[in-house]
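First comes the structure, then the notes that go with it.
In full-length UniProt numbering, the protein residues as written are 1 to 153.
Now the structure itself:
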């Protein structure tokens, strides 16, 4: 039987495709698998992190909103997903800026999910244009590698 978070991931990303041609929901599932497999920092693991990893793109990329997630799961999960959303009340920010905000807020658990999100995106980057690849790699070097070192990943 499918978990409720996987069900909602598949349901709300069902019509979306990655540039590689894979169903979009494969991405949050892979991010969650990476998170589960990661054991170097067990002090960061909290059970709700799997829910957040599976649903991390729903607020930004689907019709699912914070209030829906709060009702289906709980407010903590909805708040955590919202922290991973690059669209803020003051405008859209880069992934690197968002990661820095998470570190400033000492939300290392959520930052860890963002690091795995980026890692999976790098693993599947061959579907992107050369310009987008360079931009993503540059941002990864400038922001993500420093944060990963800080988190001892």
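The beta carbon of each residue, even a glycine, is placed where N, CA and C say it ideally should be.
Given residue 83 as reference, the closest of 98, 74 and 73 once Cα atoms are compared: Closest by alpha carbon: 98.
Residue 133 versus residue 127 - alpha carbon distance: When rounded, the distance between both Cα atoms is 9 Å.
Continuous alpha helix (DSSP H) stretch holding residue 73: start and end: Element bounds for residue 73: n/a, residue is neither H nor E.
Outcome for residue 51 when other beta-carbon atoms lying within 10 angstroms are tallied against a minimum of 16: Classification of residue 51: buried, given that the 10 Å Cβ count is 16 or more.
Continuous alpha helix (DSSP H) stretch holding residue 89: start and end: DSSP places residue 89 in no alpha helix (DSSP H); its state is neither H nor E.
Close beta carbons around residue 10, own chain, < 7 Å, minus the five adjacent residues each side: Excluding sequence positions up to five before and after residue 10, its CB lies within less than 7 Å of the CB of 25, all in the same chain and listed in chain order.
Beta-carbon proximity list for residue 102, same chain, < 7 Å, skipping 5 on both sides: So the list reads 83, 110, 111 and 114, once near-sequence residues are dropped.
Cα-Cα separation between residue 108 and residue 143, rounded to whole angstroms: Each residue's Cα considered, the two are about 14 Å apart.
Residue 64 vs residue 5 beta-carbon contact at 7 Å: Judged by beta-carbon spacing, residue 5 lies beyond the 7 Å limit of residue 64, meaning their Cβ atoms are not closer than that value.
Spatial neighbours of residue 92 in its chain, beta-carbon cut-off 6 Å, leaving aside the 5 residues before and after: Closer than 6 Å at the Cβ level, and outside the excluded window around residue 92, lie 86.
Of the listed residues 149, 90, 79 and 116, nearest to residue 34 (C-alpha basis): The shortest Cα separation from residue 34 among 149, 90, 79 and 116 belongs to 116.
Distance, residue 21 Cα to residue 15 Cα: Taken atom to atom, the span from the alpha-carbon of residue 15 to that of residue 21 is near 12 Å.
Integer Cβ distance of residue 27 from residue 120, believed to fall under 8 Å: With a Cβ gap of about 6 Å, residue 27 and residue 120 count as contacting.
Buried or exposed by the 16-neighbour rule on C-beta atoms within 10 Å, applied to residue 17: Exposed.
Local Cβ density within 10 Å of residue 32, reported as buried at 16 or more and exposed below that: A residue is called buried once 16 or more other Cβ atoms fall within 10 Å of its Cβ, and residue 32 is buried on that count.
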